[in-house]
Amino acid sequence: MSTAILTGQPVPGSSIEGDLRSLGFDVQVAADAADAERLVAEAPCEQRVALVDARFVGHVHALRLGLTDPRFPLAALPGAVTAQPDGRATLTRALARENSAGGGTALAVDSLPYRIVTALADDGAEVHRPELGSLVAAVPADPQARNEARQAVADVDDEAVRLKSAVKSRDGFFTTYCISPYSRYIARWCARRGLTPNQVTTASLITALVAAACAATGTRGGFVAAGVLLIASFVLDCTDGQLARYSLQYSTLGAWLDATFDRAKEYAYYAGLALGAARGGDDVWALALGAMVLQTCRHVVDFSFNEANHDATANTSPTAALSDKLDSVGWTVWVRRMIVLPIGERWAMIAVLTAATTPRITFYALLVGCAFAATYTTAGRVLRSLTRRAQRTDRAAQALADLADNGPLASFVTRATRARLGAPLLVAAAGTAVLAVSLFSGVTWAPVAGALVYAVTAGQALYRPLKGALDWLVPPLFRAAEYGTVLVLAAQADVKGALPAAFGLVGAVAYHHYDTVYRIRGNAGAPPAWLVRAAGGHEGRTLLVAVLAALLTASQFTVALTVLAVAVALLVLVESIRFWVSAGAPAVHDEGEPA
256 MSTAILTGQP VPGSSIEGDL RSLGFDVQVA ADAADAERLV AEAPCEQRVA LVDARFVGHV
316 HALRLGLTDP RFPLAALPGA VTAQPDGRAT LTRALARENS AGGGTALAVD SLPYRIVTAL
376 ADDGAEVHRP ELGSLVAAVP ADPQARNEAR QAVADVDDEA VRLKSAVKSR DGFFTTYCIS
436 PYSRYIARWC ARRGLTPNQV TTASLITALV AAACAATGTR GGFVAAGVLL IASFVLDCTD
496 GQLARYSLQY STLGAWLDAT FDRAKEYAYY AGLALGAARG GDDVWALALG AMVLQTCRHV
556 VDFSFNEANH DATANTSPTA ALSDKLDSVG WTVWVRRMIV LPIGERWAMI AVLTAATTPR
616 ITFYALLVGC AFAATYTTAG RVLRSLTRRA QRTDRAAQAL ADLADNGPLA SFVTRATRAR
676 LGAPLLVAAA GTAVLAVSLF SGVTWAPVAG ALVYAVTAGQ ALYRPLKGAL DWLVPPLFRA
736 AEYGTVLVLA AQADVKGALP AAFGLVGAVA YHHYDTVYRI RGNAGAPPAW LVRAAGGHEG
796 RTLLVAVLAA LLTASQFTVA LTVLAVAVAL LVLVESIRFW VSAGAPAVHD EGEPA
């Protein structure tokens, strides 16, 4: 249980003690500032502690936002300050210094929490101050101000604000108007019954897997059930985040589950559709794999662009200004959000087409829609990059290098070669082009030679920091090259099982790349170097697949792809799970709707 220490003059009839207890605090009363310091020191070091002015008047949800959010070591709102275990030492130092300066015996008529927050700011400590909006949080100085504050509390529906804030501030059209109006009430229902966001996330995954299994039956009834269950899975997917925001149940494990399960659900559903089509005599595995490749590359474009520019200086451009201007016109906001086919619109389209048409038509529509969305978003970001005069940081360059996923072969090339071939993006594009030509040449060993050239250019592309205007395109190019190589060579094998094995391999490698993204977003850096070396890097895996395709028969190549997929999956999953359940893992919470 957390500890809340009331300071200052008590107010008859105040509800602050009851409000704090309703939030899970053990409430203690300090006689003066020195007593408050003693009570803070006596509170168990592994618990949260809060200093609250006894004169506080405000909404319970304002206290919840300010005093219970697990993401911030130090937080404050008018009349209250709190510290988690990793912020306790900072709070204790500020409290001791304030008491020493003020004698430590006077009652905190001027609000001890306020003075502590000021001292923390003077120390340069990062203190989170939640956005309260219409919620009230105040320390009235006299009876008239107290009455006015109480009336302001009565005028605002605390629960309505809490429900509204549970929904993301930025979502797609389908999610905003077709899901969130009722999913927020499901989130509240779950909170009142003690369910956690992780449990809802797991239920969403199970529902999506059942949907994939229904699609795999290949029957019309199975396809209809799959479409309905996919929408149900998406409702639960929205609910878990809303539940986390409604009850402030943020966690590192929950962040990881939410970040990875969306992709697992979607790609498992692709596999279910392909299996269902095969039962009906239609082989659409190439389309399923193509959809996964396209969708993953879209995400890498998003991640690379954002990492390259989120902390850049002088980060403005006429294109960005035009985009902001369009966002001020209501209808253009929704049109621009819908045409990028975000997860809500995409899953709705997949669900409807699954129930009403065939897997082949579903994949055709998905590929066309995602290709258009990818072209639109990438073109816009290229224009922004060319028209802005941004100065990118070393952190951004390192993030792009980590996203590139160069392995030991490319690293050796970087160290061993002295000649520089050109700008990173041009070198990477040239290597990718050579690889693409070799894959379609019809010569058995040409892909091996193309993969060798590709490995050399991969090393050359990272010979200097990726700070150029368009260098954020390097990681997406590498992803397209590696995934495309697996797709093309498996298709050329033209044997049963090759494309499903390739689907499994690309899925395992894509998980590794998503895992890298969310580690970087959490400021935890890239996966350990030994994992990147053991996985071979993108250029090593590309070369290995090319060599296997040249050396082995079609059936042997299928077995080799399967073994490689299992090996990569076990390697990256074990390390990823170890990291994300460890105490040092970052909490990553995505407030925007992913593509």
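Residues 256 to 850 (the working numbering) make up the sequence shown, in order. Note that CB positions come from ideal geometry on N, CA and C, so glycine has one too.
### Query
Within 10 angstroms of its Cβ, does L664 collect 16 or more other Cβ (buried), or is it exposed?
buried
Selected residue, minimal CA-CA separation from A753, among G723, V814 and A704: Checking every option, the nearest Cα to that of A753 belongs to V814.
**OP:** Could you pull out every residue in the same chain whose Cβ sits closer than 7 Å to the Cβ of A363, ignoring the five residues on either side in sequence?
**Re:** At A363 the pLDDT is 39, less than 50, meaning the model places this residue with poor confidence; the figure from the coordinates comes in the next sentence. Excluding sequence neighbours, A363 sits near T262, G263 and A288.
**Exposure of R774, with buried meaning 16 or more beta-carbon neighbours within 10 Å** = When all chains shown are included, R774 counts as buried.
**Request:** Please specify which runs of the alpha helix (DSSP H), each continuous and at least 4 residues long, are wholly inside the stretch 631-698, giving them in chain order.
**Result:** With a minimum length of 4 residues, the continuous alpha helix (DSSP H) runs that stay inside the stretch 631-698 are 649-659, 663-671 and 679-694.
Discussion item. Three Cβ pairs or more, each shorter than 8 Å: is that satisfied between the stretch 771-790 and the stretch 720-737?
Written reply: no
Check your understanding: How big is the Cα-Cα spacing for S640 and E794?
Key -> 27 Å
Checklist line | Assigned exposure category for L806 - 16 Cβ within 10 Å defines buried | finding: exposed
Next on the checklist: What does the alpha-carbon distance come out to for the pair S203 and V698?
Outcome noted: Outside the modelled stretch of the chain, which goes from 256 to 850, sits residue 203, for which no answer is possible.
| Name the DSSP bridge partner or partners of G313? | DSSP output for G313 lists A392 as bridge partner(s).
Problem - Alpha-carbon spacing of G677 relative to L728, whole angstroms - result: 15 Å
- Task: Between the Cα of A804 and those of V761, V741 and G527, spot the shortest distance and give me the residue it belongs to.
- Result: V741
request  = In the DSSP assignment, find the alpha helix (DSSP H) that holds L464 and state where it starts and stops.
outcome  = Its alpha helix (DSSP H) spans residues P452 to A471.
Exercise for the section: Report the residue from T771, G777, L694 and A701 whose alpha carbon sits nearest the alpha carbon of Y738. Expected result: By alpha-carbon distance to Y738, the top candidate from T771, G777, L694 and A701 is L694.
Alpha carbon to alpha carbon, what distance is there between P614 and G476?
-> 14 Å
Review point. What do you reckon, are the CB atoms on A481 and C469 nearer than 7 Å?
Key: yes
Please tell me whether Q283 and L294 are closer than 7 Å, where the distance is taken between their beta carbons.
Yes.
Exercise for review: Return the residue from the list D412, I434 and V411 that minimises the CA-CA distance to V422.
Suggested key: I434
If contact is defined by three or more beta carbon pairs under 8 Å, each pair taking one atom from either stretch, is the stretch 515-533 in contact with the stretch 453-473? yes
Whole-angstrom Cβ separation of A309 and S355, contact assumed at under 8 Å?
The pair is not a contact, with the Cβ atoms about 23 Å apart (cut-off 8 Å).
*Inspect the beta-carbon positions of A407 and V382 and report whether they are closer than 7 Å.*
no
Worksheet item: Given V743, which residues of its chain have a CB within under 6 Å of its CB, disregarding the five upstream and five downstream residues?
Response: L694
Would you please state the rounded distance, in angstroms, between the beta carbons of S810 and V764? I believe it to be under 8 Å.
In fact, because the Cβ distance is near 23 Å, the residues do not count as touching under 8 Å.
| Can you give the Cα-Cα distance for G313 and V588, rounded to whole angstroms? | Distance between the alpha carbons of G313 and V588: 35 Å.
In the DSSP output, which residue or residues are listed as bridge partners for Q283?
I260
Q.
Please report the straight-line C-alpha distance between T612 and I605, rounded to a whole angstrom.
A. 10 Å
>> Determine whether the beta carbon atoms of A466 and L485 lie at a separation below 7 Å.
In response: yes
How is D274 classed by DSSP in three states: helix, strand or coil? D274 falls in the helix class under three-state DSSP.
For L825, count neighbouring Cβ atoms within 10 angstroms of its own Cβ and tell me buried if that reaches 16, exposed if not. exposed
So, for C300: in the same chain, excluding its five sequence neighbours on each side, which residues have a beta-carbon less than 7 Å away from its beta-carbon? P340 and R343
Quick one: what's got a C-beta closer than 7 Å to R405's C-beta in the same chain, skipping five residues either side? V312
Requested in this report: Within 10 angstroms of the Cβ of P702, are there 16 or more other Cβ atoms? Answer buried if so, exposed if not.
Outcome: buried
**Study point:** Given T373 as reference, the closest of E830, L329, G388 and A259 once Cα atoms are compared
**Key:** L329
Quiz prompt | Coarse secondary structure for L596, derived from DSSP in three states | solution = coil
Would DSSP call V411 helix, strand or coil? coil
Throw me the rounded Cβ distance for the A790 and H767 pair, which I believe falls under 8 Å. 6 Å
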